[in-house]
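K.L.:
Got a structure for you, questions after.
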Amino acid sequence: MISVKFDTFDFNKIRFALEKVKSMAMLQKKDLPYYCAVEFHFLLLNNLNRETFAGGYSSAGGEGFPAYAPYHPRYAAWKRSSGDFWKLGGDLVRNIVKRKFGQGWAVGVNDVKDAGGKSWYGMGLGVLGKAKSIGMYAIVNEFGGDFGQAGRHKGRPLFRPTRVQFQLDGWLKEGDKVITKIANSWS
Amino acid sequence: MLTLFVLKSGKAKIDPQAAVKSFGDVVFEIIYALTLDDLNEFEVHAPWFGVIHDNEKLDAYLQAALRMFLTWSDADVLVMYKKASDVKIAVHRCPRIFRKGVKIRPDCLLPVDESNLKFDTILNGWIDDISQV
Chain A
15 MISVKFDTFD
25 FNKIRFALEK
35 VKSMAMLQKK
45 DLPYYCAVEF
55 HFLLLNNLNR
65 ETFAGGYSSA
75 GGEGFPAYAP
85 YHPRYAAWKR
95 SSGDFWKLGG
105 DLVRNIVKRK
115 FGQGWAVGVN
125 DVKDAGGKSW
135 YGMGLGVLGK
145 AKSIGMYAIV
155 NEFGGDFGQA
165 GRHKGRPLFR
175 PTRVQFQLDG
185 WLKEGDKVIT
195 KIANSWS
Chain B
70 MLTLFVLKSG
80 KAKIDPQAAV
90 KSFGDVVFEI
100 IYALTLDDLN
110 EFEVHAPWFG
120 VIHDNEKLDA
130 YLQAALRMFL
140 TWSDADVLVM
150 YKKASDVKIA
160 VHRCPRIFRK
170 GVKIRPDCLL
180 PVDESNLKFD
190 TILNGWIDDI
200 SQV
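If you read the protein sequences in the order shown, they are chains A and B. The working numbering puts the first sequence at residues 15 to 201. The working numbering puts the second sequence at residues 70 to 202.
So, in structure tokens, the structure goes:
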């Protein structure tokens, strides 16, 4: 005859450990989008400040973005007086934010009006330029286009290459952290 | 997911099929409308309704982002940017997607009582003007 002895103490320990793993998985499901938003936000600002993609970007996955077209020398010289390639008054960089989006988190641009005063034609003439939508210059910078009398602008993508960069690296690291936390919760 | 109203633009070069196709697979039903009044008169069967003129289309980037916004956004109105090259003001901010139940003003494509509504902007791509291509 075979007899099986059931140790209720061990059984309860396993049940308790399973419950902890389940709780940690639920917690990470909620936290992961926030941590990804924090990391992506940081990466985006870093790429903006360091002009990471000025020389172009080509991901390991094959998605490529062209090198930034140079500004007109006179415009570049004027812009350098107050900021750098991606910055003029700092309105865009201040309005790149992370926020709750549905059940998760997102990073994007607050589409509000800036304080105006950015027309380089107006400098010295007393007309400093009307207030403009920050979303508008984010989208023009990102995609470029032909805007008739308002000029033809080359796209100088920042958000899309950063997204590809994050997909290939930051996102995977965040995923690994989650797996480690869940694994460590088994005890 | 979305009831799409295709509005007459009155422009010479139009392509309503391209306008509809540019929304991809989020379109649940299509209504060809003549005036802004029609937007309030037809019954919408989807959670959102969108409006596009027959001389416009969404670019591929905007189309790709649309489903995410329709699924996750808690806004009442989704705004997109339109690119035009034959006029002095070349970039337009266009409210084009509305939550079911939002009423549209009869004189322009803006919601009634907009101060009580929540707006969100989709900056992932452009609305293109077909008549200028």
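Positions of the beta carbon are idealized from the N, C-alpha and C atoms, including for glycine.
Grab the span of the alpha helix (DSSP H) containing Y101 (chain B) for me, first residue to last.
P.N.:
No alpha helix (DSSP H) contains Y101 (chain B), which is instead part of the beta strand (DSSP E) from 96-102.
K.L.:
With a threshold of 7 Å on Cβ separation, who are the neighbours of G184 (chain A) within its own chain once the five nearest residues in sequence on each side are excluded?
P.N.:
Counting only Cβ-Cβ distances below 7 Å, and skipping sequence neighbours, we find E53, F54, L57.
K.L.:
Alpha carbons only, please: which of B:G170, B:R136, B:L71, B:D128 is nearest the one belonging to A115 (chain B)?
P.N.:
Considering only alpha carbons, the answer is B:L71.
K.L.:
Is the beta carbon of N124 (chain B) sitting closer than 7 Å to the one on I83 (chain B)?
P.N.:
Against a cut-off of 7 Å, the Cβ pair of I83 (chain B) and N124 (chain B) comes out as a contact.
K.L.:
Where does S78 (chain B) fall in DSSP's three states?
P.N.:
Coil.
K.L.:
I need the straight-line Cα distance from M137 (chain B) to D128 (chain B), nearest angstrom please.
P.N.:
Rounded to whole angstroms, M137 (chain B) to D128 (chain B) spans 16 Å at the Cα level.
K.L.:
Could you name the residues of chain B that F161 (chain A) contacts, counting a contact when the two beta carbons are closer than 9 Å?
P.N.:
Near F161 (chain A) (Cβ distances below 9 Å), the residues of chain B are K152, A153, S154, A159, V160.
K.L.:
Under 7 Å, do V35 (chain A) and W200 (chain A) count as touching if we go by C-beta distance?
P.N.:
Yes. Within cutoff.
K.L.:
Per DSSP, what kind of secondary structure is R166 (chain A) in: helix, strand or coil?
P.N.:
Three-state DSSP puts R166 (chain A) in a strand.
K.L.:
Should N61 (chain A) go down as buried or exposed, given a rule of 16 or more other Cβ atoms within 10 Å for buried?
P.N.:
By the neighbour-count rule (16 or more Cβ atoms within 10 Å), N61 (chain A) is buried.
K.L.:
Can you pull the chain B residues whose beta carbon is under 7 Å from the beta carbon of A152 (chain A), in chain order?
P.N.:
Near A152 (chain A) (Cβ distances below 7 Å), the residues of chain B are L192.
K.L.:
So with CB distances below 9 Å, who are the chain A contacts of V142 (chain B)?
P.N.:
Just to set this straight, residue 142 (chain B) is Ser in the shown sequence, not Val. Under the 9 Å cutoff, chain A gives F115, G116.
K.L.:
Taking its Cβ as the centre, do 16 or more other Cβ atoms sit within 10 Å of L139 (chain A), making it buried, or is it exposed?
P.N.:
Bear in mind that the predicted position of L139 (chain A) carries a pLDDT of just 49, short of 50, making it unreliable; the figure below should be weighed with that in mind. L139 (chain A) should be labelled exposed.
K.L.:
By the 8 Å beta-carbon criterion, what residues does the segment 121-136 of chain A contribute toward chain B?
P.N.:
Under the 8 Å Cβ criterion, the segment 121-136 of chain A contributes G122, V123, D125.
K.L.:
Should the segment 74-88 of chain A be regarded as contacting the segment 165-175 of chain A, the criterion being three or more beta carbon pairs within less than 8 Å?
P.N.:
Taking 8 Å as the limit for Cβ pairs, the verdict is that the segment 165-175 of chain A does touch the segment 74-88 of chain A.
K.L.:
With respect to the alpha helix (DSSP H) encompassing N61 (chain A), which residues constitute its N-terminal and C-terminal limits?
P.N.:
Here the alpha helix (DSSP H) through N61 (chain A) covers 22-64.
K.L.:
Against chain B, does G149 (chain A) count as a neighbour if the rule is that its beta carbon must be under 7 Å from one of theirs?
P.N.:
Yes, because at least one Cβ of chain B sits closer than 7 Å to the Cβ of G149 (chain A).
K.L.:
Are there 16 or more other CB atoms within 10 angstroms of the CB of Y101 (chain B), so buried, or fewer, so exposed?
P.N.:
That one is exposed.
K.L.:
Determine the contact status of G119 (chain B) and I166 (chain B), defining contact as a CB-CB distance below 7 Å.
P.N.:
For G119 (chain B) and I166 (chain B), yes; Cβs fall inside 7 Å.
K.L.:
Let me confirm a value: P212 (chain A) is counted as buried when at least 16 other C-beta atoms fall within 10 Å, else exposed. Which label applies?
P.N.:
Because residue 212 (chain A) is not part of the residues shown, which for chain A are 15 to 201, the question remains open.
K.L.:
Is DSSP giving R113 (chain A) helix, strand or coil here?
P.N.:
Residue state, collapsed to three classes: strand.
K.L.:
With C-beta atoms as the reference, is L105 (chain B) less than 7 Å away from P175 (chain B)?
P.N.:
In contact: L105 (chain B) and P175 (chain B) (Cβ atoms closer than 7 Å).
K.L.:
Taking W195 (chain B) as the query, report the chain A residues whose CB atoms sit under 9 Å from its CB, ordered along the chain.
P.N.:
Neighbours of W195 (chain B) on chain A, chain order: I153, F157, G159.
K.L.:
Need the endpoints of the beta strand (DSSP E) that K152 (chain B) sits in, please.
P.N.:
First-last of the beta strand (DSSP E) with K152 (chain B): 146-152.
K.L.:
Tell me which residue opens and which closes the alpha helix (DSSP H) that F180 (chain A) is part of.
P.N.:
Run containing F180 (chain A): 173-182, per the alpha helix (DSSP H) assignment.
K.L.:
Quick one: what's got a C-beta closer than 6 Å to F99 (chain A)'s C-beta in the same chain, skipping five residues either side?
P.N.:
Closer than 6 Å at the Cβ level, and outside the excluded window around F99 (chain A), lie E65.
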